[in-house]
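Novice: Here our numbering runs 880 ahead of the position in the sequence shown, where the first position is 1.
Just so it is clear, CB atoms sit at the ideal spot from N, CA and C, and this is done for glycine as well.
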Amino acid sequence: MRFSVIRLPGILTVFSLVAAFSLAAVFGMAVSADEPAARGLSDDRLVDLAERFGHVPRVFSPSLSPDGTAVAYIESDKDKGFARIMVGVLTAEDVQHVSTIQAPGGETFAWVDWANDERLIVGFDTHFRIGGELYRSAPSKMMAVNRDGSLPVILDIMALRAPRRQRSNDVIHMLPDDPEHILVGHMAGDGRSTGVYTLNIYTGEKTPVSEAPDGLPVFDWYADNTGQIRLGYGENKDGDGHMLIRDGEGEWLRLEDIELLSRDRFSIHGFSDDPNIVYVTASHTTGRSTIFRFDLKRRVLDGKVYGHDSVDVQGLLTSRSGKALAASYFTSRYGLEYLDEGFRMRHLALKEKLGGRDFTVLSSTKGGSLMLVETFGLDEPGRLFFYQAENDVLREWVRNYPALSTSDIGRTVPVTYGARDGVEIPGYITLPPGMKLDEAKGVGLPAIVLPHGGPHVRTLPLFDYEAKFLAALGYVVLQPNFRGSSGYGFRYMALGWGGWGKHMQDDLVDGARWLVHEGYAAANRICIAGGSYGGYASLMASVRDTGTFRCAAAWAPVTDIRMMLEEEDSWDEDSFVYSQLAGYTKKGKIKAYSPLQRIKEVAIPVFVAHGTHDQVVGVGQSRAFAKAAARRKKAVDYAEFEGEGHHLRYSRYRTQWLYRLGAFMSLHNPAVPRPEGR
């Protein structure tokens, strides 16, 4: 890694060599020699918390071998990220490490699974440059390798065409009755060249099985439980969906132009235990995602499986044969609707054994006698357990955040507040450790509004290391699911269309005002921080909402809407992407909603950081903002993390981001910290 570390008094500034300039020299910012320590937070304490909350969980994508004798997982390395796979044999007491498999060419692994008891299938990300521009083929490649690391074979389906979007690791079916082959799909960069192949996992030899008729774009293929390709789904350039259906080896039948397949309102889960029934999610009847059965022979919906009264259904749990067991959803907390009585009894018994914690089954053996489960929750950092169903034995394996104690973790509480136009905005408040919500009311703590990215996703009731870190420093943290967030029905999500810098931004300001009105925060003690879209919103606040927020921090933000739309080939007022983002705003007025184009209006201190390998929001967005700020001598601190992507998957960079964020907040919005010690 090529970066320089410049230690200013009380604050650590990390710049890559392409942007190695000092905060004080370039931006004219005065930095007191006793900041942030003079504000009540010692540098050692900040480093300690950043390291403990910034630790990326060591085990990622764990998978049990079919016979249950071994486990394979991607191990996170603080400097190399997800660059190696560990294979261990299960003993009576622990997992005994037997082999390490390194990612080819210094790339990073995305997932790992077992094709049989000997052979692993691995997906990995690839990065390369063409004409000086960094590309990532997202994750697009696969490798097969024996569990001892021998006989590695790259499973490369097709010659590279469009590197940024090509996908060659879509495993459709593991073909358990054929130990030498798997069924895979391929989609090239144009979104139209699609097909299905059988791959020999020992030789890499491929054999075509099916392709879309007439060059139709098919994004996803589905096989029934016997491994027969029976269904394909895709969308045309206008976002209208179509399904391809066939019976056995017959001709494909095309189904389109029906309300069921409306954009953003339909998805396919997979085949049921009936080979002619698939589970689908649609919102055309209630406005909320609901699970239905779809009859392939009659080509109609065949009854509702489950729908929630107020939120979207999140997922469907099925047996290996396709029998529906339970539907999951998130209100302010995680919920399950049981669809099978035997599963209900087993699930509740294991939940009780886990102390009442919610959990998910990450992997299981072929017969289900051994399971690997992970706990989760608002205040639950997560632990991994092996559960032997036959003798009802539960054994802890790994803790996601082993350096954290319960005294480090503040409580997260669901809340709802009203926006200025009457729309109810759900969200979460995270409090400093040891504090209850009623105790915080009237205190007037320093606060941080932390909007999520996306923007059409949502903050889930799960452990959030960033919110918990900021709360541990002494802040009350509000995470609003502003209009446009997913999970609350199609109408709520659609309320955010065209809302960048407008009503979605208003929801964040209204959230800050609600904190003050309820007595949780002092009016002049609120900052804003976020990543991706949340970073964009933070930068917009630095030019638009300076009467509400006293500072802003952004990770990997969009800073110029036109730049983003042009990169997405959507700089067209008639395109769906343009209208979803900008609404009826004409091109000539879109500058008003781009922080870069309003750089002269930045009126509060700003911190921006970006990874140089970000292929979701290119680092050029932040570089342009930082350069423009430097020219106008604005109070903007900028950092680049060499080799990091969009999601802070390196422990060293996640730790540095938290440290920099905490130091920045302590400088411009100091909190009253907890006493030293854990």
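1) If I follow the unbroken alpha helix (DSSP H) through Glu1446, where does it start and stop?
2) Is the region 1243 to 1250 close to the region 1263 to 1281, with three or more CB pairs under 8 Å?
3) Within 10 angstroms of the Cβ of Met1022, are there 16 or more other Cβ atoms? Answer buried if so, exposed if not.
4) Would you please state the rounded distance, in angstroms, between the beta carbons of Tyr1518 and Ala1506? I believe it to be under 8 Å.
5) Quick one: is Val1180 buried, meaning 16 or more other Cβ sit within 10 Å of its Cβ, or exposed?
6) Check the DSSP bridge columns for Pro1360 and list the partner residues they point to.
7) For Met1545, does the count of other Cβ atoms within 10 angstroms reach 16, so buried, or fall short, so exposed?
8) Check the DSSP bridge columns for Cys1407 and list the partner residues they point to.
9) By Cβ distance below 8 Å, which residues in the same chain neighbour Gly1378 in space, the five residues on each side in sequence not counted?
10) Can you tell me which of the three DSSP states Arg1173 falls into?
11) Given this structure, state the Cα-to-Cα distance separating Pro1550 from Gly1354, to the nearest angstrom.
12) Which class does Ile1484 belong to by DSSP, given the choice of helix, strand or coil?
13) Would you list the one or two residues that DSSP bridges to His1066?
14) Under 6 Å Cβ to Cβ from Ala1299, same chain only, skipping five residues before and after it: list those, please.
15) What is the DSSP secondary structure of Pro1093, counted as helix, strand or coil?
16) Going straight from the alpha carbon of Gly1307 to that of Arg1338, what length do you get?
17) Between the C-alpha atoms of Arg1405 and His1383, what's the straight-line distance to the nearest angstrom?
18) Report the rounded CA-to-CA distance for Ile1001 versus Arg1512, giving the unit in angstroms.
19) Starting from Gln1385 and walking both ways along the beta strand (DSSP E), at which residues does that stretch end?
20) Using the Cα positions of Met1444 and Leu926, report the straight-line distance between them to the nearest angstrom.
21) Compare the Cα-Cα distances from Ala983 to each of Val992, Thr1286, Val1191 and report the closest residue.
22) Helix, strand or coil for Ile1148? Go by DSSP, reduced to three states.
23) When you compare each of Phe1429, Asp1425, Ala1432, Gly1415 to Asp1440 by their alpha carbons, which one comes out closest?
24) What residue does the alpha helix (DSSP H) around Thr1286 start on, and which one ends it?
25) Quick check on Lys1086: does DSSP put it in helix, strand or coil?
26) First and last residue of the alpha helix (DSSP H) that includes Glu1221?
27) Hey, Gly1029 and Gly1167: beta-carbon distance below 8 Å or not?
28) I'd like to know if the region 936 to 950 and the region 1228 to 1246 are in contact, where contact means that at least 3 CB-CB pairs between them fall below 8 Å.
29) Would Arg1430 and Ile1470 qualify as a contact pair, given that the criterion is a beta-carbon distance under 8 Å?
30) Go ahead and pull the three-state DSSP assignment for Phe1099.
31) Should Asp1182 be counted as a contact of the ligand MG given a C-beta to heavy atom distance under 7 Å?
32) Around the Cβ of Leu1538, are there at least 16 other Cβ atoms within 10 angstroms (buried) or fewer (exposed)?
33) So, for Ala1392: in the same chain, excluding its five sequence neighbours on each side, which residues have a beta-carbon less than 6 Å away from its beta-carbon?
34) The alpha helix (DSSP H) spanning His1548 covers which residue range?
35) Tell me which same chain residues have a C-beta within less than 6 Å of the C-beta of Gly1333, skipping the five on either side of it?
Specialist: Working from what's here:
1) Counting along the chain, the alpha helix (DSSP H) containing Glu1446 begins and ends at 1441 to 1447.
2) Flag = yes, the region 1243 to 1250 and the region 1263 to 1281 touch.
3) Taking every protein chain shown into account, the CB of Met1022 has 16 or more other CB atoms within 10 angstroms, so this residue is buried.
4) About 4 Å separates the two Cβ atoms, so the contact holds.
5) It counts as exposed.
6) Pro1360 is bridged by DSSP to Gly1307.
7) Met1545 is classed as buried because its beta carbon has at least 16 other beta carbons within 10 Å across all chains shown.
8) Note: Cys1407 is bridge-paired with Ile1328 in the DSSP secondary-structure output.
9) The beta carbon of Gly1378 lies closer than 8 Å to those of Ser1459, Gln1460, Leu1461, Ala1462, Gly1463, Tyr1464, Thr1465 in the same chain, with the five residues before and after it left out.
10) Strand, per DSSP.
11) Counting only the Cα atoms, Gly1354 lies some 9 Å from Pro1550.
12) In this structure, Ile1484 counts as coil in the three-state DSSP scheme.
13) Note: His1066 sits in a beta bridge opposite Gly1075.
14) Same-chain partners within the cutoff: Ile1305, Asp1387, Asp1390.
15) In the three-state DSSP reduction, Pro1093 falls in the helix class (H, G or I).
16) Taking the straight line joining both Cα atoms gives about 9 Å.
17) When rounded, the distance between both Cα atoms is 23 Å.
18) Here the alpha carbons of Arg1512 and Ile1001 stand approximately 52 Å from one another.
19) Gln1385 -> not in any beta strand (DSSP E); alpha helix (DSSP H) instead, spanning 1383 to 1397.
20) Here the C-alpha atom of Met1444 lies approximately 35 Å from the C-alpha atom of Leu926.
21) Minimum Cα-Cα distance from Ala983 among the listed residues Val992, Thr1286, Val1191 corresponds to Val992.
22) Looking at Ile1148 - three-state DSSP - the assignment turns out to be strand.
23) Cα-wise, what sits closest to Asp1440 is Gly1415.
24) In the DSSP assignment, Thr1286 falls outside any alpha helix (DSSP H), carrying neither H nor E.
25) DSSP, read as helix, strand or coil, puts Lys1086 in strand.
26) Here the alpha helix (DSSP H) through Glu1221 covers 1221 to 1233.
27) For Gly1029 and Gly1167, no; Cβs fall outside 8 Å.
28) The answer is yes - the region 1228 to 1246 touches the region 936 to 950, with three or more Cβ pairs under 8 Å.
29) Cβ distance not < 8 Å, so Arg1430 and Ile1470 don't count as in contact.
30) Coil at Phe1099, not helix or strand.
31) The ligand MG is not among the ligands present in this structure, which contains no ligands whatsoever.
32) Under this definition Leu1538 is a buried residue.
33) Its chain contains Val1329, Ile1406, Thr1428 as the residues whose beta carbon lies nearer than 6 Å to that of Ala1392, once the 5 sequence neighbours on both sides are disregarded; these appear in chain order.
34) Per DSSP, His1548 is one residue of the alpha helix (DSSP H) stretching across 1531 to 1548.
35) For Gly1333, the CB contacts under 6 Å within the same chain, skipping 5 residues up- and downstream, are Gly1411, Ser1412, Tyr1413, Gly1414 in chain order.
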